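*Asks:*
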Amino acid sequence: LLDNCDETAGAMLSVQRRFWPGLVAMGLLIHSALFLTLGWLLARLRMQQPASLVSGSRSWETWRAPFIAVWALIAGLAAAISGAESLALIGWNVVLLAGLVLAIQGLAVQSWLVRRMLPPTARVLFWMLGAFFLAPLLVCGGAVIGLADQWLNLRRIGMDDAATHDDET
């Protein structure tokens, strides 16, 4: 029994070593984005109209990932369970990339919801707590919310029909 546990632990550590650099880089990017948003929210408390975080006509809260991210997630999961070691490694990396894109969409949905539900001071508190203590929960929940938003369009409430039709094409 102990030999089996040692073998399993060794296999887990081998997989973790492969993904560790990518996971650290993704974590740092996500924390940087959360802190950038937090700084912008703090600036908004002091100024009525701080510089926008997003350039262009579309705002951060209406951003949608391309639907191909869902297919990439499915293909990556299929490759990951294929049994071939090199194909599984590629598959897990595709899953991480697609999950990151969907997590960004989920964070946009969360931002949209928080802006509509909380006053500015409570928003800053929410994002501060999220950035410092609950970042993994926000990001993992964001991936699930982003995946659900691909089909359900969770932000359709309050959007005009033209914007909804533009996002679906």
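If you read the sequence shown in our numbering, its first letter stands for residue 1073, the second for the next number, and so on.
All C-beta atoms, glycine included, are put in the ideal place defined by N, C-alpha and C.
As the structure is a prediction and not an experimental result, all values here were calculated from the model.
Just checking my contact of L1149 with V1173 at CB under 8 Å: how many whole Å lie between their CB atoms?
*Replies:* Counting from one through the sequence shown, the residue named residue 1149 turns up at place 77. Counting from one through the sequence shown, the residue named residue 1173 turns up at place 101. Not a contact, Cβ separation roughly 15 Å.
*Asks:* Restricting to Cα atoms, I'd like to know which of Q1222, R1228, R1116 and Q1121 is closest to A1194.
*Replies:* Sequence index remark: in the sequence shown, residue 1194 carries index 122 (1-based). The candidate whose alpha carbon is nearest that of A1194 is R1116.
*Asks:* Taking the beta carbon of D1075 as the centre, do at least 16 other beta carbons fall within 10 Å, making it buried, or is it exposed?
*Replies:* Walking along the sequence shown from the start, residue 1075 turns up at place 3. Answer is exposed; the Cβ neighbour count stays below 16.
*Asks:* In whole angstroms, what separates the C-alpha of S1086 from that of A1203?
*Replies:* Within the sequence shown, the letter at position 14 stands for residue 1086. Within the sequence shown, the letter at position 131 stands for residue 1203. Going by the C-alpha atoms only, they are around 30 Å apart.
*Asks:* Taking only the alpha-carbon atoms, compute the straight-line gap between M1084 and L1159 and give it to the nearest angstrom.
*Replies:* What you label residue 1084 is simply residue 12 of the sequence shown in a count that begins at 1. What you label residue 1159 is simply residue 87 of the sequence shown in a count that begins at 1. Distance between the alpha carbons of M1084 and L1159 is about 17 Å.
*Asks:* Which stretch, first to last residue, makes up the alpha helix (DSSP H) that contains S1183?
*Replies:* Translated into the one-based positions of the sequence shown, residue 1183 becomes position 111. Segment E1157 to M1189, the alpha helix (DSSP H) holding S1183.
*Asks:* Please go through the same chain and pick out, in chain order, the residues whose beta-carbon is closer than 6 Å to the beta-carbon of S1183, but skip the five residues on each side of it.
*Replies:* Working through the sequence shown from its first residue, we reach residue 1183 at position 111. These residues qualify, in order along the chain: E1133.
*Asks:* Once you ignore the five residues that flank F1198 on each side, which residues in its own chain have a CB closer than 7 Å to its CB?
*Replies:* Here residue 1198 refers to the residue found at position 126 when the sequence shown is read from its first residue. Correct list, in chain order: V1186 and L1190.
*Asks:* Alpha carbon to alpha carbon, how far is R1188 from L1179?
*Replies:* If you number the sequence shown from 1, residue 1188 lands on position 116. If you number the sequence shown from 1, residue 1179 lands on position 107. Those two C-alpha atoms are separated by around 14 Å.
*Asks:* At the level of alpha carbons, what is the spacing between E1079 and L1201?
*Replies:* Mapped onto the sequence shown, residue 1079 falls at position 7. Mapped onto the sequence shown, residue 1201 falls at position 129. Approximately 39 Å between the Cα atoms of the pair.
*Asks:* So, using beta-carbon positions, are A1170 and L1145 closer together than 8 Å?
*Replies:* By one-based count along the sequence shown, residue 1170 stands at place 98. By one-based count along the sequence shown, residue 1145 stands at place 73. A contact, by the Cβ cut-off of 8 Å.
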